[in-house]
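Chains as they are written, first to last, in the numbering used here: chain A, 1 to 160; chain B, 1001 to 1160. Ideal Cβ positions, reconstructed from N, Cα and C, are used throughout, including at glycine. Structure first, commentary second.
Protein chains: 2
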Amino acid sequence: MTESLDRTREAAWRAYIEASQLLFTQLEEDLRADSELSFADYHVLVLLSEAPGQRLRMGELANRLIFSPSRLTYQISSMQRRGLVSKEPCPDDRRGSEAVLTAAGLLALSEAAPHHLASVRAHLMDDLDDAEVACLTRVFDRLGRRLRAARTASSTHATR
Amino acid sequence: MTESLDRTREAAWRAYIEASQLLFTQLEEDLRADSELSFADYHVLVLLSEAPGQRLRMGELANRLIFSPSRLTYQISSMQRRGLVSKEPCPDDRRGSEAVLTAAGLLALSEAAPHHLASVRAHLMDDLDDAEVACLTRVFDRLGRRLRAARTASSTHATR
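As structure tokens, this is what we get:
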């Protein structure tokens, strides 16, 4: 069967998928316990804090998070209610809107980040030797680049 | 700041988390397009198909999936409506119940599996050399074991 994986690769795949799902659940539980933020909230706050003017168009944010437009609308509305972001019309396109980081959002991120990074270190990074760190960077940089290129190609194709 | 990561480790962490989130989204989209199953449906079907008698107690299934009891109830009810699993009282504990794989569930898994594995190969596994496969297995086996041990220890502690 050409679709199957050999045993060594199947073992690698299962170790990766199972441990990653466990890790993401654990990190989200730690984050909620320390800061009342979800993983998605945290990721939105990081992206906005790094963007020029601490603001991003909704479409760009959806692309970066790989969220559907409806999921992003739901996510941003929930963060708006908690005062973490605001939503404003785009200056150069009146039909579009931008998510803008509020001061409260930046403070929530600054308070959560040290706990979150400590949790990332404790669960994963402190256990890796330098060769393993280099291997993860190489494998997942390549994977991310390939997946992003494929998604860009298929969305360009779809809008033609 | 002791909680921060050095730059090399931060780059590895971001490459891993971003590419993994992209990958899981892509695999779920592929799965839904080929089979109308979600990632969680597929995982439940795999776990039940591998269990003795193709059945698992709800508590055990929740532990394996790291789902809260309410999330698992919702997940199993949805799969019951689609005829993929049934729910039966435990033979040795009348208050407990088990999820049981149906023939339709097994068929759905057999039809979805080759497509899903082809998608796992195309997006990730075929791109890795043998050293990278060995590195992923080593890192994520260790991570999974450590996280499972920590969860077991904290749930034992919590029920005392």
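- No Cβ of chain A is located within less than 7 Å of the beta carbon of Tyr-1042/B.
- Residue state for Ser-154/A is assigned as helix, using DSSP reduced to three classes.
- Under the three-state reduction of DSSP output, Ser-1020/B falls in the helix class.
- Ser-1155/B is classed as exposed because its beta carbon has fewer than 16 other beta carbons within 10 Å across all chains shown.
- Chain-order list of chain B residues neighbouring Cys-90/A: empty, with the shortest C-beta distance near 25 Å, by a criterion of under 9 Å.
- Among the CB atoms of chain B, none fall inside 7 Å of the CB of Ser-97/A.
- Judged by their CB atoms, Ser-97/A and Asp-30/A are not nearer to each other than the 7 Å cut-off.
- By the C-beta criterion, the stretch 53–67 of chain A is judged not to be in contact with the stretch 1046–1064 of chain B, since fewer than 3 inter-stretch pairs fall below 8 Å.
- Rounded to whole angstroms, the separation of the alpha carbons of Leu-1117/B and Gly-105/A is 41 Å.
- Residues of chain A with a Cβ closer than 9 Å to the Cβ of Leu-1061/B do not exist; the shortest Cβ-Cβ separation is about 14 Å.
- At a Cβ-Cβ threshold of 7 Å, Leu-1101/B and Leu-1037/B do not count as neighbours.
- Taking C-beta separations shorter than 6 Å and ignoring five residues to either side along the sequence, the partners of Ser-1035/B in its chain run Ala-1112, following chain order.
- Under DSSP, Pro-89/A takes part in a beta bridge, and its partners are Ser-97/A.
- Interface criterion not met: the Cβ of Leu-72/A is under 7 Å from no Cβ in chain B.
- About 16 Å separates the Cβ atoms of His-115/A and Leu-23/A, ruling out a contact at the 8 Å cut-off.
- In the three-state reduction of the DSSP assignment, Arg-1007/B falls in the helix class.
- Exposed is the label assigned to Glu-1050/B, since fewer than 16 other Cβ atoms lie within 10 Å of its Cβ.
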